[in-house]
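**Q** Just passing along the structure, written as structure tokens.
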Amino acid sequence: MKFGNYECYSVEMGRFSLDGGPMFGVVPKALWEKKIAADNKNLIQLTTRSLLIKGEGRTILVDTGLGNKFSEKLKKIYKIDEGSTDIDLALAKYELTCSDITDVIITHLHFDHTGGSTSIKEGKTVPTFPNATYYLQKDHWESAIKPNAGDAASYMKEDFMPLEEYGVLRLIKGQKELFKGIDIIVTQGHTRGQQHPLVKGKTNSLFFCADLIPTSAHLPYSWRMAYDNYPVTIVSEKEKFLNRALKEKWILFFEHDPDIVAASIRQDKKNIVTDKKINI
Ligand SMILES: [Zn+2]
């Protein structure tokens with residue numbers, strides 16, 4: 004699908020599972036399980052879906068999925084579907100290899116967003132995309148290298164410290180136009196300095212929700228995750244950006260939704276809801 008001068012494609016980077024309880028925070032199970040079913044251990048299956056943006060001489064990847072560095076123990080805990088996390092295979096669908104990626108926009112450094120940023124080659128952990136510059140918000144980097152106790156389990160240093168060692172990390176500050184026609188929007192509710200690309204088109208723009216709205220079930224303002232570091236902030240950010248999305252006809256791209264890749268939205272009585280599902 005085209006937005007401005009860019010072709011956009013979704014890339015499936017691997018499936019895993021999380022407990023449905025923290026995924027929906029204070030929302031009772033009786034309500035959330037109507038949207039996403041849980042198994043007998045209360046786990047719900049999620050996807051890690053990256054966005055590929057091609058145009059203006061660049062091949063950009065937004066987030067890098069789970070990657071392949073998990074221990075057997077963690078693979079079990081997160082029910083990582085191993086056959087689904089092969090980045091070479093995921094890119095081959097678009098006749099691309101890791102060397103073709105020129106830029107990687109990382110929304111934030113939680114392992115389900117940046118696990119694929121590095122890989123183990125000949126015993127060394129190296130950047131997966133050898134020719135890419137990786138972009139991250141500076142204040143997010145600072146909070147990730149010294150995480151608070153509540154958030155620490157979501158960071159795995161081997162996913163991001165090698166990016167700094169190899170000199171491929173570019174830390175950016177705040178909202179800006181990163182590339183012609185691609186704006187970076189910053190939110191502070193899920194983590195400090197989560198960034199979201201907005202690919203601008205004439206009639207519609209494509210917004211990468213990341214963990215501001217991880218699945219289409221999280222559209223109601225108060226349906227937030229227990230993983231959000233700043234709950235009050237995220238609720239007001241969702242209200243602000245969803246209303247802007249409605250006004251500016253954004254299409255929302257859902258990184259973790261097991262079924263819905265992207266959707267247009269409309270105002271229902273109380274909430275903003277999905278209108279048309281869109282396969283990108
Ligand atoms: Zn996530």
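Per the working numbering, residue 4 is the first one in the sequence shown, and the count goes up by one each step. In this text, a Cβ means the ideal position worked out from N, Cα and C, and glycines have one as well. Bear in mind the structure is a predicted one, so any value in this text is a computation, not a measurement.
Measure the C-alpha to C-alpha separation of residue 81 and residue 115 and round it to an integer number of angstroms.
**A** 10 Å
**Q** State the DSSP-derived secondary structure class of residue 90, mapped to helix, strand or coil.
**A** helix
**Q** In angstroms with no decimal places, state the Cα-to-Cα distance between residue 138 and residue 175.
**A** 7 Å
**Q** Across which residues does DSSP place residue 263 in a beta bridge pair?
**A** Beta-bridge pairing links residue 263 to no other residue.
**Q** Cβ of residue 120 within 8 Å of Cβ of residue 131?
**A** Contact flag set, yes.
**Q** Anyone know if the C-beta pair for residue 60 and residue 88 falls short of 8 Å?
**A** no
**Q** Where are the beta strand (DSSP E) runs, 3 residues long or more, that stay fully inside the segment 152–228, in chain order?
**A** The DSSP assignment places 172–175, 179–182, 185–190, 197–202, 208–211 as complete runs of the beta strand (DSSP E) inside the segment 152–228, in order along the chain (cut-off: 3 residues).
**Q** Return the residue from the list 94, 21, 275, 31 that minimises the CA-CA distance to residue 44.
**A** 21
**Q** Quick one: which unbroken beta strand (DSSP E) runs of 3-plus residues sit fully inside the segment 91–127? Chain order, please.
**A** Runs found: 106–108, 121–124.
**Q** What is the residue span of the beta strand (DSSP E) that residue 298 lies within?
**A** In the structure as shown, the chain starts at 4 and stops at 283, and residue 298 therefore has no counterpart that could be examined.
**Q** How about residue 22: is its Cβ closer than 7 Å to a heavy atom in ligand 1?
**A** no
**Q** Taking the continuous alpha helix (DSSP H) assigned at residue 236, which residues delimit it?
**A** 234–250
**Q** Between which two residues does the alpha helix (DSSP H) carrying residue 34 extend?
**A** Where residue 34 is concerned, the enclosing alpha helix (DSSP H) stretches over 32–35.
**Q** Compute the minimum distance between the beta carbon of residue 217 and the heavy atoms of ligand 1, and state whether it is under 7 Å.
**A** yes
**Q** With DSSP as the reference, label residue 25 as helix, strand or coil.
**A** helix
**Q** Along the alpha helix (DSSP H) that carries residue 146, what are the first and last residues, could you check?
**A** Residues 141–148.
**Q** How about the segment 163–172 and the segment 202–219: do they share at least three Cβ pairs that are nearer than 8 Å?
**A** Touching, no, given that fewer than three Cβ pairs across the two stretches are closer than 8 Å.
**Q** Give the DSSP-derived three-state secondary structure of residue 54 in the structure shown.
**A** strand
**Q** Please list the terminal residues of the continuous alpha helix (DSSP H) segment that includes residue 254.
**A** Counting along the chain, residue 254 falls outside any alpha helix (DSSP H), though it belongs to the beta strand (DSSP E) covering 253–256.
**Q** Per DSSP, residue 69 is paired with what?
**A** For residue 69, which the question treats as bridged, DSSP gives no partner whatsoever.
**Q** Please list, in chain order, all residues with a C-beta atom less than 5 Å from at least one heavy atom of ligand 1.
**A** 115, 214
**Q** Could you name the residues of the same chain whose beta carbon sits closer than 6 Å to that of residue 201, not counting the 5 residues immediately before and after it, in chain order?
**A** Within the same chain, residue 201 has close Cβ partners 186, 188, 208, 210.
**Q** What's the call for residue 34, buried or exposed, on a 16-neighbour Cβ count within 10 Å?
**A** exposed
**Q** Give me, in chain order, the residues of the same chain whose beta-carbon lies closer than 8 Å to that of residue 263; leave out the 5 immediate sequence neighbours on both sides.
**A** 218, 219, 257, 277, 280
**Q** Considering only C-alpha positions, which residue in the set 157, 113, 72, 140 is nearest to residue 127?
**A** Residue nearest to residue 127 within the set 157, 113, 72, 140 is 72 (criterion: CA-CA distance).
**Q** Nearest-angstrom Cα distance between residue 246 and residue 177?
**A** Roughly 21 Å between the two C-alpha positions.
**Q** Of the residues 193, 64, 117, which one's Cα is nearest the Cα of residue 99?
**A** 64
**Q** Looking only at DSSP bridge pairs, what is residue 49 linked to?
**A** 19
**Q** Closest by CA to residue 316, which one among 136, 85, 223?
**A** A query on residue 316 cannot be resolved here, the shown segment of the chain reaching from 4 to 283 and no further.
**Q** State the Cα-Cα distance for the pair residue 79 and residue 206, rounded to the nearest angstrom.
**A** 44 Å
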